[in-house]
Each structure stands twice: as C-alpha cells, then as structure tokens.
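Asker:
Numbering (my numbering), first residue to last: 175 to 757.
1) Run through DSSP, which three-state label would residue 362 get?
2) With DSSP as the reference, label residue 303 as helix, strand or coil.
3) Between the region 456-469 and the region 487-496, are three or more C-beta pairs nearer than 8 Å?
4) Classify residue 628: buried if its beta carbon has 16 or more other beta carbons within 10 angstroms, exposed otherwise.
5) Please report how far the alpha carbon of residue 689 lies from the alpha carbon of residue 649, in whole angstroms.
6) When the Cβ atoms of the region 527-543 are set against those of the region 563-574, are three or more pairs found closer than 8 Å?
7) Could you tell me the alpha carbon to alpha carbon distance between residue 305 and residue 221, rounded to whole angstroms?
8) Taking just the CA atoms, how far does residue 342 sit from residue 303?
9) My guess is that residue 289 and residue 273 are in contact by the Cβ rule of under 8 Å, so how many angstroms apart are they, rounded?
10) Whole angstroms are fine: how far does the CA of residue 732 sit from the CA of residue 723?
11) Measure the C-alpha to C-alpha separation of residue 603 and residue 498 and round it to an integer number of angstroms.
12) Just to confirm the assignment, what range does the alpha helix (DSSP H) spanning residue 516 have?
13) Would residue 355 and residue 340 be called neighbours here (beta carbons separated by less than 8 Å)?
14) Quick one: Cα of residue 202 to Cα of residue 260, how far?
15) Taking the alpha-carbon positions, what's the residue 737 to residue 726 distance?
16) Distance, Cα to Cα, residue 676 vs residue 699?
17) Please list, in chain order, all residues of the same chain as residue 672 whose beta carbon is under 7 Å from its beta carbon, the five residues on each side excluded.
18) Using 8 Å as the threshold, is the region 454-465 in touch with the region 474-482, meaning 3 or more CB pairs across them?
19) When burial is assigned at 16 or more other CB atoms within 10 Å of the CB, is residue 584 buried or exposed?
20) Indicate the three-state DSSP secondary structure (helix, strand or coil) for residue 493 in the structure shown.
21) Give the C-beta separation of residue 276 and residue 284 to the nearest angstrom, bearing in mind that I take them to be a contact with Cβ-Cβ under 8 Å.
22) Quick check on DSSP: helix, strand or coil for residue 704?
23) Output needed for residue 381: all residues of its chain with C-beta closer than 6 Å, excluding positions within five of it in sequence on either side, in chain order.
24) Hey, how far is the Cα of residue 458 from the Cα of residue 577?
25) Return the chain-ordered list of same chain residues with a C-beta closer than 7 Å to the C-beta of residue 294, the five sequence neighbours on each side being excluded.
26) Just mark residue 193 as buried or exposed, buried being the case when its beta carbon has 16 or more other beta carbons within 10 Å.
27) On a CA-only basis, which of 520, 315, 397 is nearest residue 353? Give me that one, please.
28) Here's a check: name, in chain order, each residue in its chain whose Cβ is nearer than 7 Å to the Cβ of residue 319, leaving out the five neighbours to either side.
29) Please report the residue range of the alpha helix (DSSP H) in which residue 505 lies.
30) Quick one, are the C-beta atoms of residue 573 and residue 606 less than 8 Å apart?
31) Tell me the DSSP secondary structure of residue 650 in three-state form.
Okay, here's the thing in structure tokens:
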C-alpha cells in the first residue's frame, strides 16, 4: 500500500525540512549540492522531454546562479551579475559563482578579486589584502582593489602590510597613515632601549598632527597602547633621557589623554616624563588630575612634592619617598638656617636618614643641639667599636668640651633622657662617665690644673663618684705639685662624700670602711714634684723688706694647711735643701 501523507504529515515534513536547512551547516550543504556543476550534472541526466519543465523550475534561481547547461550564454555577463549581487549582499555564494564564470571568461584578475573578497568576508584579512595587492588592473573601473587591500590591512591591524601599501601608493589619501604604520611595524619588545627611544622620537614628530578628537576606533587604541608601553619601557630602561624627548612625550601624552584614552594612566605617564625632566611641580599637577587616588601614592609623587616643599614638610615627603640622601642634603644645607624647633617634628625621620646614609657626625650634631647627651655618648661608643675614622680624637675632644660646658646638663636631664631611651638611669650615667674618662685618656687631652678640676667636678656633679675617684687618682704622682695636691684634696673630699652617702643609706660598716680607706690613701699620697733647684746666692746683701713680706705670706698660707699638708711642705723643704747641697 502506497504511503500517502496527510496534510498534517505534510506540515510536519515541511517544518522538518526548514529546520534542517535553516542552519548554517544545512544551508551550506544545500547550496553546495546546488552548485552550477552539480545542477548541470543532474539536469543532463533528465530526458529531453523534461528539460522545459525543469528550466521553468530553476528560472527563480537565475538571479543568483546559472548552470553549465547554459554554456551558450555569455559567462562574462553572468560573472558581472553574480559579482554585483555578491558585493551588494555580501553573500559568498554569488561571489563563488562569479569567480567561476570569470575563470570561464578568462578574466583572471576579476576572478582573483572575487576570491580575495571571499577571504575578506571569511575574516582572513591579511590574505585578502595580499590578494588584492597582487591584482594588476581591473576592467571594471568601479572596483578599487587598492582601497580594498588597504581596508583589509587597516581593519586587521596588519602594520607591516599597511607600511608596504603606503610605500607603494604614496599619493593615495590613506598614505597619511604611513608614520603610524611605520611606528607600529617597528616598535616591539625585541628592540633595545636606544632603538625604542629613536622609534618613539620619530613618531612623536607626526603624532600630534594626526591625533583624532576622540579615541573611538580600535586602530587608535592599539596605536596609543603601543605608544604608552614604549614610553614606559624607555623611562625604566634608559637612565639619561634628553629634555627634548621628555618634553615632547609629555605634551603628546596630554593630548592623547584628551581623546579619552585611559585618561589616568596617560596623565600619570605624562607626569613621569615631567618628573624625569626635573619639572616636579608640573609632574605633581598632572598626577593630581588623576581621578584614581593611587596615582598620588607612589615614591615618585612623594619625591616630587618634596622638591618644592620647605622644611619640615620636604623631609616628610622624602621620607615617604624613601630617599634618605635628599633628607641629609636638606639638613646639611639648612641646619644653620632654622632653629631646632623647626626640625623637631621630623627628628625621627631625620635621624633615620642620617643612620641609613652613615652620616653619624651629623647625627651627633643634632643630638648636641637637642642636649641629648646620653644619645651622643652611646653613639660615640658604638662607632668606636667599629673603629669609625670619623670619630677621631679631635672630634671626641670637641664633644667632651661641649658636654662638660653645657649648663642644661644635670642629673635630672639624665633621668629624662633615660626615660626616653627606655634605659635605666644608672646605665645612662655610666655611659656619660665612661665617655668622659676614656676621652681624658687621649694623648691630645691637656691634663692641666684647670681641666683636671673641671672634669672631676663634672663627674661628681652627676653622681658618678667612683669614676671621679678613679679620675683623680690618675694624678697621684703628677710632677706638677699643684695638680698633685688638687687631685689629692678632691679625692679626699669625694671619698668622704661617698662615706656620708653610705651613712645616709644606713650602710654603716661600708661608710666606716670608706673613711678608713680615705685616711690610708691620703697618708700615702705624697706629691713628689719635679724640684727646680736654684743656685746659691753670692750676694751678701739681702733685701730685708722683700724677705719679711715673703715670710709673712708663707706663714699665712701655712696656717691654713692641715697637719698632713704641713708635713708635705716640710718634706719638700728638706728635699730642696738636700738637692741644693749637691751643687
């Protein structure tokens, strides 16, 4: 029984048919089967009696296809018809058919044109453009294979091809893109720094004159991206860039930012160019225009701000920029122009910078200005441990003189500074006394009567009695009678002071031992000065008045001496007489 589909079945089959061909794959398969070659083969298989019927059936396709059975028709006319339809509708099938008939008509340039246009429609822009470039001439003057080639290269961003096109057709309007194409063809990461700078410099000459008012095309976005990347690489790789390059890049980048291309990034790069050109105020102005605040949070921005700020703000900026050398330079150039109160807010930053740059003598100078003597002597001790030549004898003696003559230095100031440094008061006092005692042991220190008395009193005034006793004891055998006597007298006073201090603290036995030690030491502490023996007088005449006056003075002085001191004078007279007898 033959199958006779119902109307419902016909409708279902029709929907199925359209469901198949109404897809890219189905459509392609259908028209491949309906190509001129296949249709010709199929029609030739039909009986002659059926040809008129089929001819009427395929007349509807005559606008887009023509089969090989009509070989007597003019293929060139058909080719032109199919090409026009293909170009108007951008339908690949018409162009394929047009190429077929152009080949039949031996119009190979036109066939090449159709196939190149097909490549263009298929997204193969480089191959399409190269195909258009291979065409020598076209009979159809309405076609412009040169322009078609340019459009393919332009849309595909094929820079080397664009550059070659501009070189071949220098008179064409599109040849104005030659500098852009040349730049994009040459700029690449493989260039060394100097080559990159040269390419950028050449392109920058042309770029301002051809900039668009708005960056709304992918071609300009690609160009600007490469331009910015090139400048970024140059700034990083080249230590010394000419002011001419930096200035021209900055101005061009500002214009690029005005087109809307990555405004913040472009402005920030322009600012970097100004910064490298030492135009710090211009750089800060550009960075401040960036809406993204992160562009004001980097070291170059901080450094630029510091360049035109004044003390103490510039110190803060350079500290944020991590540029201790700049901070040290500010201090060295302006330390005498401002009171310490001006520097006070940035002392921590200043100290840190001096330490990082190993400018320890300047660090000492700051602490001296601030009367921070415990800091000073601790720093001196640390530098002596590493044998820092900057802390020579002359420098240490200068510190000693400043320290011992500072009217603001006292036990209370030691306590205050110890608290700041978070150390014990005893540790702070010992640091001071150790520095003083060690410095007075330098050969360059003059151990005269005035200096010895001054240093001893200083040590005692800050409560460092033991170091003071040791200091005076160094002059026990001094050749200078006055120096020896002074040291002996001051030692005795401090020793008794020490005993009294122990007594007040309830250390009775210790106080007793200290007094006994004082007595024993004083009894054994004989000054043996170098005696200057005068020759015996030959004159029998004695100035009675002078003799009487000197005798009275000596008597008055002797009455003020203690028994031990009188015995010392007596021993001195005996020594003097015994040595005179030797002459």
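Just so it is clear, CB atoms sit at the ideal spot from N, CA and C, and this is done for glycine as well.
Answerer: Well, looking at it:
1) Of the three classes helix, strand and coil, the one that applies to residue 362 here is coil, per DSSP.
2) Per DSSP, reduced to three states, the secondary structure at residue 303 is helical.
3) Pairwise C-beta distances place the region 456-469 out of contact with the region 487-496, as fewer than three of them are shorter than 8 Å.
4) So residue 628 ends up on the exposed side.
5) Using only the alpha carbons, I get a separation of about 21 Å.
6) Yes, they touch.
7) Rounded to whole angstroms, the separation of the alpha carbons of residue 221 and residue 305 is 44 Å.
8) For residue 303 and residue 342, the distance between alpha carbons rounds to 14 Å.
9) Going by Cβ atoms, the distance from residue 289 to residue 273 rounds to 5 Å, so yes, they are a contact pair.
10) Each residue's Cα considered, the two are about 14 Å apart.
11) Going by the C-alpha atoms only, they are around 32 Å apart.
12) It spans 514-517 - the alpha helix (DSSP H) in which residue 516 sits, taken as one unbroken run.
13) In this structure, residue 355 sits near residue 340, with a CB-CB distance shorter than 8 Å.
14) With a pLDDT of 49 at residue 202, under the threshold of 50, the modelled position of this residue cannot be trusted, and the question is left open.
15) Looking at the two C-alpha atoms, the distance is approximately 19 Å.
16) Rounded to whole angstroms, residue 676 and residue 699 show a C-alpha spacing of 24 Å.
17) Taking C-beta separations shorter than 7 Å and ignoring five residues to either side along the sequence, the partners of residue 672 in its chain run 639, 688, following chain order.
18) Between the region 454-465 and the region 474-482 there are three or more inter-stretch CB-CB distances shorter than 8 Å, so the stretches are counted as touching.
19) Under a 10 Å Cβ-count criterion, residue 584 is classified as exposed, with fewer than 16 other Cβ atoms of the shown protein chains found around its own Cβ.
20) Residue state for residue 493 is assigned as helix, using DSSP reduced to three classes.
21) Residue 284 and residue 276 do touch by the CB rule: their CB atoms are close to 4 Å apart, below 8 Å.
22) Per-residue confidence for residue 704 stands at a pLDDT of 48, beneath the threshold of 50, marking its modelled position as unreliable; the derived number appears in the next sentence. DSSP, reduced to helix, strand and coil, places residue 704 outside both helices and strands of the structure shown, so it counts as coil.
23) Only 426 meet the Cβ criterion.
24) Cα to Cα, the separation comes out at about 45 Å.
25) Taken in chain order, the residues that qualify are 302, 326.
26) For residue 193, the predicted model reports a pLDDT of 47, less than 50, meaning its position is unreliable and no value from the coordinates is stated.
27) Looking at the Cα atoms, 397 is the closest of the given residues.
28) So the list reads 287, 306, 309, 312, once near-sequence residues are dropped.
29) Segment 498-508, the alpha helix (DSSP H) holding residue 505.
30) Contact: no.
31) Here residue 650 sits in coil by DSSP.
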